[in-house]
Amino acid sequence: MTDLQIAKNNLAGHTICLCKDGNCLYSDKRGIAPMVNFIGRGDDLSGYSVADTVVGKAAALLFVKCGIRNVFARTLSEHGKKILVRYGIYYECEILTERIINREGTDTCPMEKAVMNTDDPVEAYIILKNKLAELNPVKSRL
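Take 1185 as the starting number for the sequence shown in this note's numbering and just add one per residue.
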């Protein structure tokens, strides 16, 4: 069984599952928070395969930054797909959508808006880390 298949099989009950050589990391946090946390902790995710519930441009750029090899998304945006294709990351998805919307369903996701004008993974990480801190000021001080 491939790492991607293992990640997909272990996604149930989680928002994200990353696997490499039988080693799996999970998170139940929503949005891009898990990836920002993994990067912030200094986890080496190079070569991992990821199964995620929602992948937009923001998540795709974080995957590129980490050296993720394969991605499965239940929902993948067109912008996220373009990033994965551009950087040569294999992907599968159940639903391909024009854009990722916010949790209220009223507008584009704020993380997607934050990275709309960059295709640079390092710059995107900084932008997204700052955006998370702006949206969750109490959590970022803990």
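Backbone N, C-alpha and C fix where the C-beta goes; we use that ideal spot for every residue, glycine too.
Secondary-structure assignment with DSSP links residue 1204 through a beta bridge to 1207. Contact annotation: residue 1232 and residue 1252 have beta-carbon atoms nearer than 7 angstroms. Per DSSP, reduced to three states, the secondary structure at residue 1260 is strand. Assigned with DSSP and collapsed to three states, residue 1212 falls in coil, not helix or strand. Straight across, the Cα-Cα distance linking residue 1203 with residue 1226 is about 16 angstroms. Among the bridge pairs identified by DSSP, residue 1233 is matched with 1203, 1254. Boundaries cannot be given for residue 1282, as no beta strand (DSSP E) includes it and DSSP labels it neither H nor E.
Residue nearest to residue 1186 within the set 1260, 1274, 1279, 1283 is 1274 (criterion: CA-CA distance). CA-CA distance, residue 1263 to residue 1282, rounds to 8 angstroms.
Annotation: residue 1273 is outside any alpha helix (DSSP H) and is labelled neither H nor E by DSSP. Less than 7 angstroms separates the beta-carbon of residue 1245 from that of residue 1305. Following the DSSP letters along the chain, one finds residue 1296 inside the alpha helix (DSSP H) bounded by residues 1294–1298. Residue 1277 is not a Cβ neighbour of residue 1284, given a cutoff of 7 angstroms.
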